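S.K.: The structure follows.
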């Protein structure tokens with residue numbers, strides 16, 4: 003009994019000793035823990051204070067980019083063609099949402115969002131940069147604002163914002179020229195300076211809006227704002243305003259553009275009007291056209307499909323990108339080439355029986371006039387548009403000389419106009435054929451090219467440029483649209499008009515060619531527009547074959563669909579003795595060059611008699 007009690011006492015003493023030891027170790031550990039905390043606290047206070055202060059400030063103070071106002075675009079007389087317009091929109095910051103579908107569903111009944119609206123929102127959200135403001139709905143009505151304001155407290159990260167959008171007040175009149183802006187997308191992000199475009203949602207997509215994007219955009223500003231934990235702005239701190247983009251004044255004349263556009267109403271085609279003295283583009287019409295306002299905030303599927311699937315291709319800039327066989331409009335340039343290389347002069351005559359045969363070949367290259375033109379010199383070959391004369395000339399000159407000469411008039415290469423996506427057309431050569439088709443050049447191809455057919459294609463703008471060079475007696479110009487730039491970004495404008503093309507003839511040869519082109523209007527293929535003329539027009543018609551006609555067969559329009567009718571072309575300048583305006587016109591499937599000449603006459607009249615250049 004005593005032994006048992008003694009052992010119990012001993013066990014209690016051991017347990018007490020162990021317990022005390024545990025307490026001791028626990029207190030030591032707690033002491034170490036608090037010592038570490040105190041040391042860490044001291045370290046943070048002494049050495050990391052500034053670092054955490056900076057982090058705290060960055061959570062409380064936010065740097066916001068201020069997008070610049072885009073520059074306006076005017077015509078030569080100061081008429082506003084493109085400008086900015088404030089609208090109210092519902093926006094969210096993409097950084098606040100990894101997905102937006104739930105938010106859209108909540109806002110759908112409040113803002114009356116349609117299925118197309120939702121598709122557009124989802125696309126904008128996908129295309130937006132991480133810190134971009136994504137627009138849920140543009141152009142809020144008073145009713146939209148009132149409904150959303152009632153429930154704003156349920157959407158702390160959704161804001162009613164004032165945004166600047168782009169307006170094109172004349173809808174389709176300048177669409178292919180001015181172009182349009184659109185939302186910045188992934189393709190744009192690969193080429194733009196992201197910092198420069200921070201806060202900006204729109205960028206030029208085509209036309210002047212794209213070509214002069216750097217001038218029109220301006221320079222962003224910034225401001226520091228104090229925000230709460232929800233990101234709501236509490237106070238505006240530092241502020242550096244954005245710098246507005248440059249205003250651009252174009253060489254275009256609003257009234258001439260409008261008048262010329264009316265001449266193409268309900269037609270497919272293009273009109274270019276240039277000032278041959280300096281290369282200024284006075285008008286550029288592509289018909290049909292489209293409303294660029296549809297693209298600014300995102301075009302709907304329905305509207306885009308209507309445009310894209312339209313057989314008349316309203317989105318296609320025929321004036322700049324359309325490539326057509328130039329047909330007989332190039333005969334004045336070709337004739338001067340014959341003089342330049344010494345194969346002909348103004349007294350050289352040939353007999354035109356209505357066809358030409360390459361020696362040793364039975365194939366007949368037909369003249370447009372079945373019975374032929376009889377005895378023909380260069381003057382008559384221009385006024386009556388003898389094909390046979392130019393068949394023979396090209397057979398003598400050869401394709402190499404033709405290529406060297408005609409490319410000096412701008413064929414086969416871009417003109418250098420200040421617009422994106424210009425077409426270059428094609429002046430074919432043996433080298434081109436070997437590279438693209440792997441076969442040798444044939445003499446028959448030279449014959450076809452001599453009258454602007456075969457593989458030879460040109461844009462209406464190239465036709466206008468080549469005509470201006472003829473009007474200038476060989477002086478080269480560069481077509482351009484920008485006349486003046488006003489704003490904070492200096493942009494010196496200089497257009498070279500001193501270039502001369504090589505010519506071994508005399509100045510009198512140019513004068514004689516001008517007279518031949520005058521007689522095209524007075525007594526030749528363009529005489530249908532001479533009635534009542536109070537000034538002289540120098541011109542040349544052209545009829546471009548669209549559908550090939552087999553050897554021995556003749557063109558029969560009654561057997562063709564409308565889109566297989568010949569194209570109608572006209573080039574000309576006036577007044578012939580002091581050219582102030584050059585026109586190049588194409589009417590797709592217009593049947594005859596005389597039809598294009600009839601479009602030209604009222605435009606010449608308007609510019610020279612009614613307007614004040």
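Residue numbers (our numbering): 3 to 615. We put the CB at the ideal spot given by N, CA and C, even for glycine. Model, not experiment: these values are computed from the prediction.
1. To test your reading of the DSSP string, which unbroken alpha helix (DSSP H) runs of 4 or more residues are found completely within the segment 258-333?
2. Just grab the DSSP bridge partners of residue 2 for me.
3. If we call anything under 8 Å between Cβ atoms a contact, is residue 334 one with residue 472?
4. Would you say residue 247 and residue 209 are within 8 Å of each other, going by their C-beta atoms?
5. Note down the Cα distance separating residue 510 from residue 408, rounded to an integer number of angstroms.
6. Are the segment 575-592 and the segment 477-497 touching by the rule of at least three beta carbon pairs closer than 8 Å?
7. In the DSSP assignment, find the alpha helix (DSSP H) that holds residue 439 and state where it starts and stops.
8. Residue ranges of each alpha helix (DSSP H) run of no fewer than 4 residues wholly in the segment 95-145, ordered along the chain?
9. Need the endpoints of the beta strand (DSSP E) that residue 182 sits in, please.
10. How about the segment 314-323 and the segment 278-290: do they share at least three Cβ pairs that are nearer than 8 Å?
11. Please report how far the alpha carbon of residue 601 lies from the alpha carbon of residue 411, in whole angstroms.
12. Would the beta-carbon of residue 512 fall within 8 Å of that of residue 258?
13. Starting from the Cα of residue 470, find the closest Cα among 317, 382, 277 and give me that residue.
14. Please identify the residue among 358, 515, 423, 574 whose C-alpha is closest to the C-alpha of residue 395.
15. So, at 7 Å on beta carbons, what are the nonlocal neighbours of residue 200 in its own chain, with the 5 sequence-adjacent residues on each side left out?
16. Under 8 Å, with one C-beta from each stretch per pair, do the segment 531-540 and the segment 391-405 reach the 3-pair mark?
17. Assuming residue 181 and residue 298 make a contact with CB atoms under 8 Å, what is their CB distance in whole Å?
18. Which of the three DSSP states is assigned to residue 503 in this structure?
19. Since residue 138 and residue 93 should fall inside the 8 Å C-beta cutoff, what is the C-beta to C-beta distance between them, to a whole number of angstroms?
20. Would you be able to state if there are at least three C-beta pairs under 8 Å between the segment 238-245 and the segment 455-470?
21. Given that a residue counts as buried once 16 or more other Cβ atoms are within 10 Å of its Cβ, and exposed if not, what is residue 607?
22. Using a Cβ-Cβ cut-off of 7 Å (strictly less than) and excluding sequence neighbours within five positions of residue 197, which residues of its own chain qualify?
23. Using a threshold of 8 Å, state whether the C-beta atoms of residue 1 and residue 447 are closer than that.
24. Which parts of the segment 398-485 are runs of the alpha helix (DSSP H), unbroken and 4 residues or longer, counting only runs that do not cross its ends?
25. Answer yes or no: does any C-beta atom of chain D fall closer than 8 Å to that of residue 293?
26. Start and end of the beta strand (DSSP E) containing residue 224?
27. Can you tell me whether DSSP reads residue 57 as helix, strand or coil?
28. Assign residue 393 to one of three DSSP states: helix, strand, or coil.
29. So for residue 535, helix, strand or coil by DSSP?
30. By how many angstroms is the C-alpha of residue 122 removed from the C-alpha of residue 40?
31. Give a yes or no on contact between the segment 589-600 and the segment 265-284, applying the rule of three or more CB pairs nearer than 8 Å.
32. Where does residue 514 land, buried or exposed, given buried means 16+ other C-beta within 10 angstroms?
33. Using the beta-carbon count (16 or more within 10 Å), is residue 365 buried or exposed?
34. By DSSP, does residue 189 sit in helix, in strand, or in coil?
35. If you draw a straight line from the alpha carbon of residue 438 to that of residue 425, how long is it in whole angstroms?
36. For residue 597, which of 574, 575, 604, 570 has the nearest alpha-carbon?
M.R.: The short version:
1. You should have 295-298, 303-310, 320-323.
2. Any question about residue 2 goes unanswered here, given that the chain covers just 3 to 615.
3. As a working mapping, residue 334 is identified with position 332 in the chain shown. As a working mapping, residue 472 is identified with position 470 in the chain shown. Residue 334 is a Cβ neighbour of residue 472, given a cutoff of 8 Å.
4. Working through the chain shown from its first residue, we reach residue 247 at position 245. Working through the chain shown from its first residue, we reach residue 209 at position 207. Not closer than 8 Å, so no.
5. On the chain shown, residue 510 is found 508 positions in, with the first residue counted as 1. On the chain shown, residue 408 is found 406 positions in, with the first residue counted as 1. Answer to the nearest angstrom: the Cα atoms are 20 Å apart.
6. no
7. Numbered from its first residue, the chain shown carries residue 439 at position 437. Counting along the chain, the alpha helix (DSSP H) containing residue 439 begins and ends at 432-439.
8. 103-113, 117-129
9. Here residue 182 refers to the residue found at position 180 when the chain shown is read from its first residue. Element bounds for residue 182: 182-185.
10. yes
11. Locating residue 601 in the chain shown gives position 599, where the first residue counts as 1. Locating residue 411 in the chain shown gives position 409, where the first residue counts as 1. Going by the C-alpha atoms only, they are around 24 Å apart.
12. As a working mapping, residue 512 is identified with position 510 in the chain shown. As a working mapping, residue 258 is identified with position 256 in the chain shown. Not a contact, by the Cβ cut-off of 8 Å.
13. Here residue 470 is taken as the residue at index 468 of the chain shown, counted from 1. Ranking the options by Cα distance to residue 470, first place goes to 277.
14. As a first step, residue 395 is located in the chain shown; it is residue number 393 there, counting from the start. The shortest C-alpha to C-alpha distance from residue 395 to any of 358, 515, 423, 574 is the one to 358.
15. Sequence index remark: in the chain shown, residue 200 carries index 198 (1-based). 67, 222.
16. No, they do not touch.
17. The residue given as residue 181 occupies position 179 in the chain shown. The residue given as residue 298 occupies position 296 in the chain shown. Not quite, the Cβ-Cβ distance comes to about 11 Å (not below 8 Å), so this is no contact.
18. For the purposes of this step, residue 503 is taken as residue 501 along the chain shown, with counting starting at 1. Of the three classes helix, strand and coil, the one that applies to residue 503 here is coil, per DSSP.
19. Along the chain shown, one-based indexing puts residue 138 at 136. Along the chain shown, one-based indexing puts residue 93 at 91. Rounded, the Cβ-Cβ distance is 7 Å, consistent with contact.
20. Short answer: they don't touch.
21. Sequence index remark: in the chain shown, residue 607 carries index 605 (1-based). Looking at its Cβ environment, which holds 16 or more other Cβ atoms inside 10 Å, residue 607 is buried.
22. Position 195 of the chain shown, counted from the first residue, corresponds to residue 197. Here the set comprises nothing.
23. For residue 1 there is no data in the structure shown, the boundaries of the chain being 3 and 615.
24. 432-439, 445-452, 462-473
25. Looking for chain D here will not work: only one protein chain is present.
26. Translated into positions along the chain shown, residue 224 becomes position 222. Counting along the chain, the beta strand (DSSP E) containing residue 224 begins and ends at 223-229.
27. Here residue 57 refers to the residue found at position 55 when the chain shown is read from its first residue. The predicted position of residue 57 is uncertain, since its pLDDT is 48 and thus under 50; no value can be drawn from it.
28. Working through the chain shown from its first residue, we reach residue 393 at position 391. Residue 393: helix per DSSP, three-state reduction.
29. As a first step, residue 535 is located in the chain shown; it is residue number 533 there, counting from the start. It is coil, neither helix nor strand.
30. Against the chain shown, residue 40 aligns to sequence position 38. Against the chain shown, residue 122 aligns to sequence position 120. Computed Cα separation, rounded: 57 Å.
31. yes
32. Reading the chain shown from its first residue, position 512 is the one you call residue 514. It counts as buried.
33. Position 363 of the chain shown holds residue 365. By the neighbour-count rule (16 or more Cβ atoms within 10 Å), residue 365 is not buried but exposed.
34. Locating residue 189 in the chain shown gives position 187, where the first residue counts as 1. Under the three-state reduction of DSSP, residue 189 is assigned to helix.
35. By 1-based counting over the chain shown, the position of residue 438 is 436. By 1-based counting over the chain shown, the position of residue 425 is 423. Going by the C-alpha atoms only, they are around 18 Å apart.
36. On the chain shown, residue 597 is found 595 positions in, with the first residue counted as 1. It is 570 whose Cα lies nearest to the Cα of residue 597.
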